[in-house]
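**Q**
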Amino acid sequence: MALMNYSQAAAAALSEAMTADATVVALGEDLGRGGIFAQYRGLQQQFGADRVIDTPISEATIMGAAVGMALAGLRPVVEMRVVDFALCAMDELVNQAAKNRFMFGGQGRVPLVVRMPIGLWTASAAQHSQSLEAWFAHIPGLVVVAPAAPDDNYGLLASALESGDPVVYMEHKELWGVEGDVVPGSRVALGVARRLRDGGDVTIVTWSKAVPTCVAAATALSTAGIEADVIDLRTLWPWDREMVLASAARTGHLLVVHEAVQVGGFGAEIAAAAAEATGCRIRRLGAPRIPSGYSKPLEDESRVTADAIVGAVTTLLQR
Amino acid sequence: MALMNYSQAAAAALSEAMTADATVVALGEDLGRGGIFAQYRGLQQQFGADRVIDTPISEATIMGAAVGMALAGLRPVVEMRVVDFALCAMDELVNQAAKNRFMFGGQGRVPLVVRMPIGLWTASAAQHSQSLEAWFAHIPGLVVVAPAAPDDNYGLLASALESGDPVVYMEHKELWGVEGDVVPGSRVALGVARRLRDGGDVTIVTWSKAVPTCVAAATALSTAGIEADVIDLRTLWPWDREMVLASAARTGHLLVVHEAVQVGGFGAEIAAAAAEATGCRIRRLGAPRIPSGYSKPLEDESRVTADAIVGAVTTLLQR
Amino acid sequence: MHESATRLLALYRTMARIRAFENAAEIASQGGVAAWGLSTTTKPALVRGPLHLSTGQEAVAVGVCANLTRDDLLTSTHRGHGHTLAKGANVNRMMAELFGRATGTNKGKGGSMHIADFSVGMLGANGVVAAGMPIAVGAAHALKIRKRPEIVACFFGDGAVNRGPFLEALNWAVVYHLPVLFVCEDNRISATTPTGPMTGGAGASVRADSMGVPGAKVDGNDVEAVDAMAARLIAEVRGGGGPRFLHAVTYRFKGHVSVDPAAYRDQAEVVAALAFDPLLIARGALVRHGVALQAIEAVDHEAKTEIDAAMTQAEAAPWPEPAAAYTDIQNTGAGQWR
Amino acid sequence: MHESATRLLALYRTMARIRAFENAAEIASQGGVAAWGLSTTTKPALVRGPLHLSTGQEAVAVGVCANLTRDDLLTSTHRGHGHTLAKGANVNRMMAELFGRATGTNKGKGGSMHIADFSVGMLGANGVVAAGMPIAVGAAHALKIRKRPEIVACFFGDGAVNRGPFLEALNWAVVYHLPVLFVCEDNRISATTPTGPMTGGAGASVRADSMGVPGAKVDGNDVEAVDAMAARLIAEVRGGGGPRFLHAVTYRFKGHVSVDPAAYRDQAEVVAALAFDPLLIARGALVRHGVALQAIEAVDHEAKTEIDAAMTQAEAAPWPEPAAAYTDIQNTGAGQWR
Ligand SMILES: Cc1ncc(C[n+]2csc(CCOP(=O)(O)OP(=O)(O)O)c2C)c(N)n1
Ligand SMILES: Cc1ncc(C[n+]2csc(CCOP(=O)(O)OP(=O)(O)O)c2C)c(N)n1
Ligand SMILES: [Mg+2]
Ligand SMILES: [Mg+2]
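For the protein sequence lines, the chains are G, R, W and Z, in the order given.
Residues 1 to 319 (this note's numbering) make up the first sequence, in order.
Residues 1001 to 1319 (this note's numbering) make up the second sequence, in order.
Residues 2001 to 2338 (this note's numbering) make up the third sequence, in order.
Residues 3001 to 3338 (this note's numbering) make up the fourth sequence, in order.
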């Protein structure tokens, strides 16, 4: 067991995968310097510039080339820096990577992990703060992962690298420094959620940076006598219907919380699916439908707070 | 009143806007030949190649240039041919067009209408059949429109051209030939849904090509004594909460139907919002999470049928 | 027969097979989907989807692929039948794919626009202009990293040179010194729009040159010329010389899609172009090489017979089961459809 | 004073103001967000967001903008303070924007990476590399359609030449013969990666040339050289000559962002580069032009005073109301936030 931060955990998982499998390579801008969040620190020194590849600023071709690499025998890890820049590579991801296996009748597969950090990141404004996980969960052929803790970032990245399917892997830009214990060699299965707190009054489903906020809110609720069942989804597609629906059926009340814009967010899918299956009462909490502002008072309007979560639960239970 | 098909109705609306306002221009590939669905037929002859602009195959720059045009005094209409190709211009639409007004503190606006036809289109396979309206409804700064009939395509396109905001305008590739009466000069307000059938047992909310299918299903249900309130949303953002929530509150049962993949589709937003606000029972019907297949038996798996809708309503009412 | 004659006859045979394939597919597609401002008809067609024919462009595919091994890789465009056949795919499975049958190269899942045969290194036609280019350089990158001897041939049209991935992919190939031959199949038109007025500068090869990809221009209707130039450039690529660029000028005999009458095109231009039919040119060359007319006609006849058989087999072939719509997508999360 | 001396002194004044602005902003940003592998600190900084300084590149912005009218348009990059100031924006409002205040050019909504002043034709910095290029050609396209006399100056970095929009935008400008000057601000680095090894061929201007955009290369640290070359090219653009390309070679004195120590860069290289500080060069030229040292120092002093005042004003300026987060987004559907 080792204490690592969220960034180091990812570097460790990738380093071990590259050691175990010579076909694993990583490509993206500035990887030679460790990546802008240190999540590749030391890897180019360890594996060489042929396997930890510094690229031109060519997002479309970074993604498209990775598809070609995957078809020709490699298992590429693509670094998009932030999801906002991945918008320069949507044809390559959605039309090419995600549909390749089906379109060609299963002749090939695209074992590809695309890392695209999401989320607000101190005053980074409208073009460096988006959370677009809902887009990718909507696209057949893609797996979508959004880890919230170092051990999950380690275990899920390792599983993503082994999955053989195109995986949209979304780390959060304000979690890199978070520390936690990681068990070397451990795996976290894709599609399995994580229960962070047991409770019978209300189910709170969340992921990524909203996880710690929900846990804080649950603690506050508990002092008020409300026990929340807090579930970190971890993988958005496939999502853990079993755990979520069982809990929602039990508590009869489901709140889904995420940092992404609430309108059309993936919380709508979880809430609708749970209401369809269990008839539970639902409520969602996400960012308002506004671009992220630069100035703190504006940026804060896009942040989901523990108070807002407590408020949402209270309203949900009143109805 | 004039009888027009869906394609002609759009051409008429655009032609009138270009006649009335010299700053309205259209740009895209093959517009000089009328566009591949005849939706621009005659316009270049009428307004000249400077205003109905044939472009290189440069989707990113078609979209980006339109943003620049809008900032410099024009009201561009961008033709993306099919939404699948618009994936080559996501940074330009989502990071540049949608955020421009906010990011720059309201110094400018981007009056832009981006046409990106959606939907299945006889054996066009995985890269020419997508319906991605849910993506754009999730993005602050964008208006999303999906007309189902000639009069709406005329009245909504006219309103979109007058709105002054970036509008993602999604026509359906299998509706071009549909005919109907159009009132010259008429307008359909953005954000106002259309009730196609009055009923008290169940609310069916839908849009685009699924509209006629829902109407057919409602007729069948009626013979079985089930009266459906059928609502064509027409505009997905802003959507007509008033009409939908009032109906859902009245019937207590809501089914949302669309051709797009159900998982993460915009139906989840409507269903979740309605359940949150009215506590109604909900159900969704969309395509399975699979790429569209080329062969008919495969493609048909992605089609929403009247039978499936009848089935969904029956299950919904049983619960 | 003289060696060069033997080679030319072999090249001609492949061209004849492609021509026969395209002609048969064209007929089978009548009444199919019409993107051409005509509304989609419901008249049942054997080939339902959009069909982009390479009729008249056979010499490019054949001249280039004649210099590739079975293990070399190839990325194609929406107009990919010729590339696929020339790379060695089975015509029965190709035609079955166009017919949407379970026995097709793609199990009926892709159709003409996505035709592929990975077993002969053909990594697929593509529905998105220029989208094959980044994939091609990535495949070449993998071959280099894996220290493989194979190379990649990347086909694209003249319209693709105005899309960003053209620049990004060529730059990528130079930066990593990759084994890839870029083949610009220049039929001088993009759908309904002449490409010239939409393209700044002196065109494809000059752009390639400015990015550090040397190359050459060739008459794309003269299969011997294409073969010779491709041989030279591919030898340089195989020799570790890095990427090369082949600019082949040709002409699209048919409409953009099979149901497109191409009324926007001056008929005189088409008639003039037919005089430079690559098959005609090759026939003339064969005769000059002393090959007997009967030998040539025999090849045409064999090709016709082979494709007729492919049509019959395709029409008789089974349709995919609906359940097949749910396979070959992803393992993780498979079966969880709604 | 001789006319050329007067002009040079004016150019120098703007450079001095930019330098003072960047230095002040740099200090105000210490303790702010650090993308640099350092985790984001919580130590409060006056300028919180990522700050890309143009320190050392002042001559490019100033030499080009000196040849633009207030109504000409300009698109910028993430490193846009110099362009904005040189185009005529008010430094108080600029600094207030970096401080995130309601009185900023963008009401505190954009910050450094999106700084803009439409009132002087500055259409905005951009958080996405090369994203300003299609916008620039579109603006030029609109000016042409509207038969306006203005032109557009499009700034971008050396790293941008490897993104697709570079090719698409240049091609677009040629196809429609648009009034745009492309300015490649070549500081030879892209974030932490030297751009040379990532760029195939002979570089930016050669690529531009291959697409039909003529241009010239210039020493981007010599403001007189930039001014002269920009004057020539802009005259050609104004004269209806179509797009032109200016390749200005310069050097980034600071890290990629203000909090980046740039440890990855050889310090000897930096020291050597400092000898070619554009302000030093301009000072030397001023002296050669017979301008008195006191006159130069007076300019430096004024600049410093002006920026100090801007800092004081910015710090005292009001924060935006939370409600402002919900305005300036869209009229249609406004107010319907969840
Ligand atoms: C990105 C993109 N834009 C537009 C289209 C529609 N389209 C299909 S083929 C074509 C013309 C392509 O011209 P060219 O590259 O010269 O190939 P050709 O059809 O001449 O073989 C167009 C515009 C597309 N498939 N992809
Ligand atoms: C499409 C895109 N990819 C990556 C980035 C991250 N990024 C910001 S600036 C930069 C380097 C740009 O280099 P250059 O264009 O030379 O401008 P400079 O920073 O040198 O002024 C990178 C990679 C981005 N902003 N946009
Ligand atoms: Mg062509
Ligand atoms: Mg640079």
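A virtual CB, placed ideally from N, CA and C, is assigned to each residue, including glycine.
When you compare only the Cα positions, how much space is there between residue 1110(R) and residue 1195(R)?
**A** On the second sequence, position 110 is the one that residue 1110(R) refers to. On the second sequence, position 195 is the one that residue 1195(R) refers to. So the two alpha carbons sit approximately 31 Å from each other.
**Q** If contacts are defined as beta-carbon pairs under 8 Å, then residue 137(G) and residue 1263(R) qualify, I think. What distance do you get, rounded to the angstrom?
**A** On the first sequence, position 137 is the one that residue 137(G) refers to. On the second sequence, position 263 is the one that residue 1263(R) refers to. With a Cβ gap of about 7 Å, residue 137(G) and residue 1263(R) count as contacting.
**Q** So, helix, strand or coil for residue 2119(W), using DSSP?
**A** Indexing the third sequence from 1 puts residue 2119(W) at position 119. Helix at residue 2119(W).
**Q** So what does DSSP say about residue 3221(Z), is it helix, strand or coil?
**A** Working through the fourth sequence from its first residue, we reach residue 3221(Z) at position 221. Residue 3221(Z): coil per DSSP, three-state reduction.
**Q** Cβ of residue 3340(Z) within 9 Å of Cβ of residue 1103(R)?
**A** Shown here, chain Z extends from 3001 to 3338; a query on residue 3340(Z) therefore has no answer.
**Q** Report the neighbours of residue 3050(Z) on chain R: residues whose CB is nearer than 8 Å to its CB, in chain order.
**A** Your numbering for residue 3050(Z) matches position 50 in the fourth sequence. Simply none; closest approach about 14 Å.
**Q** With burial defined as no fewer than 16 other Cβ atoms inside 10 Å of the residue's Cβ, what is the status of residue 3017(Z): buried or exposed?
**A** Here residue 3017(Z) corresponds to residue number 17 of the fourth sequence, with the count starting at 1. It counts as buried.
**Q** Can you list, in chain order, the stretches of the alpha helix (DSSP H) that have 4 or more residues and sit fully within the segment 129-181 of chain G?
**A** With a minimum length of 4 residues, the continuous alpha helix (DSSP H) runs that stay inside the segment 129-181 of chain G are 133-137 and 150-163.
**Q** Nearest CA to the CA of residue 1086(R): which residue from 1168(R), 1257(R) and 1216(R)?
**A** Sequence index remark: in the second sequence, residue 1086(R) carries index 86 (1-based). Nearest option by C-alpha distance: 1168(R).
**Q** Are residue 2256(W) and residue 2262(W) closer than 9 Å when you measure CB to CB?
**A** Counting from 1 along the third sequence, the entry for residue 2256(W) is found at position 256. Counting from 1 along the third sequence, the entry for residue 2262(W) is found at position 262. It is a contact, given that the beta carbons lie within the stated cut-off.
**Q** With 9 Å set as the bound, which would you pick, yes or no: does the beta-carbon of residue 2324(W) sit closer than that to a beta-carbon of chain R?
**A** On the third sequence, residue 2324(W) is found 324 positions in, with the first residue counted as 1. Cβ-Cβ to chain R under 9 Å: yes for residue 2324(W).
**Q** At least one CB of chain G closer than 9 Å to the CB of residue 1297(R): is that the case?
**A** Here residue 1297(R) refers to the residue found at position 297 when the second sequence is read from its first residue. Residue 1297(R) does not count as touching chain G.
**Q** Note down, in chain order, all residues in the segment 1004-1029 of chain R with a beta-carbon under 7 Å from any beta-carbon belonging to chain Z.
**A** For the segment 1004-1029 of chain R, which is checked against every Cβ of chain Z, the residues closer than 7 Å are 1025.
**Q** Do you know offhand how far residue 3038(Z)'s Cα is from residue 31(G)'s?
**A** For the purposes of this step, residue 3038(Z) is taken as the residue at position 38 of the fourth sequence. For the purposes of this step, residue 31(G) is taken as the residue at position 31 of the first sequence. Confidence is the limiting factor: at residue 3038(Z) the pLDDT is only 45, short of 50, which leaves the residue's position unreliable, though a coordinate-based value still follows. So the alpha carbons of these two residues sit roughly 15 Å apart.
**Q** Ignore the nearest five residues each way along the sequence and tell me which others in residue 3082(Z)'s own chain have a CB closer than 6 Å to its CB.
**A** Against the fourth sequence, residue 3082(Z) aligns to sequence position 82. The answer, listed in chain order, is 3018, 3054, 3058 and 3061.
**Q** May I ask which residues mark the beginning and end of the alpha helix (DSSP H) holding residue 5(G)?
**A** By 1-based counting over the first sequence, the position of residue 5(G) is 5. Where residue 5(G) is concerned, there is no enclosing alpha helix (DSSP H), although the beta strand (DSSP E) it sits in stretches over 2-5.
**Q** Roughly how many whole angstroms lie between the Cα atoms of residue 1280(R) and residue 1202(R)?
**A** In the second sequence, residue 1280(R) corresponds to position 280, counting from 1. In the second sequence, residue 1202(R) corresponds to position 202, counting from 1. Roughly 10 Å between the two C-alpha positions.
**Q** Taking one C-beta from the segment 3182-3193 of chain Z and one from the segment 2178-2185 of chain W each time, how about it: are there three or more such pairs within less than 8 Å?
**A** No, the segment 3182-3193 of chain Z does not touch the segment 2178-2185 of chain W.
**Q** In terms of residue numbering, what span does the beta strand (DSSP E) encompassing residue 194(G) cover?
**A** Start at 1 with the first residue of the first sequence, and residue 194(G) comes out as number 194. Note, residue 194(G): beta strand (DSSP E), 194-197.
**Q** How big is the Cα-Cα spacing for residue 2069(W) and residue 3270(Z)?
**A** Start at 1 with the first residue of the third sequence, and residue 2069(W) comes out as number 69. Start at 1 with the first residue of the fourth sequence, and residue 3270(Z) comes out as number 270. Answer to the nearest angstrom: the Cα atoms are 51 Å apart.
**Q** Could you list which residues in chain W have their beta carbon closer than 9 Å to that of residue 1127(R), in chain order?
**A** Looking up residue 1127(R) in the second sequence gives position 127. Correct list: 2113, 2114, 2126, 2127, 2128 and 2131.
**Q** Can you find a CB in chain Z that lies within less than 9 Å of the CB of residue 1283(R)?
**A** Reading the second sequence from its first residue, position 283 is the one you call residue 1283(R). By this cut-off, residue 1283(R) is not an interface position.
**Q** Quick one: is residue 2140(W) near chain Z, going by C-beta distance under 9 Å?
**A** On the third sequence, residue 2140(W) is found 140 positions in, with the first residue counted as 1. So, not an interface residue.
**Q** Check whether the Cβ of residue 3098(Z) lies closer than 9 Å to any Cβ atom in chain R.
**A** As a working mapping, residue 3098(Z) is identified with position 98 in the fourth sequence. No, no contact with chain R.
**Q** Considering only the beta carbon of each residue, do residue 3136(Z) and residue 2210(W) sit closer than 9 Å?
**A** Numbered from its first residue, the fourth sequence carries residue 3136(Z) at position 136. Numbered from its first residue, the third sequence carries residue 2210(W) at position 210. Against a cut-off of 9 Å, the Cβ pair of residue 2210(W) and residue 3136(Z) comes out as no contact.
**Q** Residue 54(G) and residue 28(G): beta carbons closer than 9 Å?
**A** Here residue 54(G) refers to the residue found at position 54 of the first sequence. Here residue 28(G) refers to the residue found at position 28 of the first sequence. In this structure, residue 28(G) lies closer than 9 Å to residue 54(G) by Cβ.
**Q** Using DSSP bridges, identify the partner residues of residue 3249(Z).
**A** If you number the fourth sequence from 1, residue 3249(Z) lands on position 249. In the DSSP output, where bridge partners are listed per residue, residue 3249(Z) has 3186(Z) and 3219(Z).
**Q** Is there a Cβ of chain W sitting closer than 9 Å to that of residue 61(G), yes or no?
**A** Residue numbering aside, residue 61(G) sits at position 61 when the first sequence is read from its first letter. Yes - at least one Cβ of chain W is within 9 Å of the one on residue 61(G).
**Q** Under the rule that 16 or more other beta-carbon atoms within 10 Å means buried, what is residue 1242(R), buried or exposed?
**A** In the second sequence, residue 1242(R) corresponds to position 242, counting from 1. Exposed: under 16 other Cβ atoms inside 10 Å.
**Q** Got a sec: is the Cβ-Cβ distance from residue 2035(W) to anything in chain G below 9 Å?
**A** Translated into positions along the third sequence, residue 2035(W) becomes position 35. Below a pLDDT of 50, predicted positions are generally treated as unreliable, and residue 2035(W), at 41, falls in that range; the measurement from the model is reported next regardless. No, residue 2035(W) lies away from the interface with chain G (no Cβ there is under 9 Å from its Cβ).
**Q** Taking the alpha-carbon positions, what's the residue 3009(Z) to residue 3219(Z) distance?
**A** Translated into the one-based positions of the fourth sequence, residue 3009(Z) becomes position 9. Translated into the one-based positions of the fourth sequence, residue 3219(Z) becomes position 219. Rounded to the nearest angstrom, the two C-alpha atoms are 19 Å apart.
**Q** Determine contact between the segment 200-216 of chain G and the segment 244-259 of chain G, defined as no fewer than three beta-carbon pairs at a distance below 8 Å.
**A** With the cut-off at 8 Å, the segment 200-216 of chain G and the segment 244-259 of chain G touch.
**Q** Which one or two residues does DSSP pair with residue 54(G) in a beta bridge?
**A** The residue you call residue 54(G) lines up with position 54 of the first sequence. In the DSSP output, where bridge partners are listed per residue, residue 54(G) has 28(G).
**Q** Tell me, please, which residues DSSP counts as bridged to residue 2157(W).
**A** Locating residue 2157(W) in the third sequence gives position 157, counting from the first residue. Answer is 2185(W).
**Q** Can you find a heavy atom of ligand 2 that lies under 8 Å from the Cβ of residue 3062(Z)?
**A** Position 62 of the fourth sequence, counted from the first residue, corresponds to residue 3062(Z). Incorrect: residue 3062(Z) has no Cβ contact closer than 8 Å to ligand 2.
**Q** What does residue 1287(R) pair with, by DSSP beta-bridge criteria?
**A** Stepping through the second sequence from its first residue, residue 1287(R) is reached at position 287. Beta-bridge pairing links residue 1287(R) to 1261(R).
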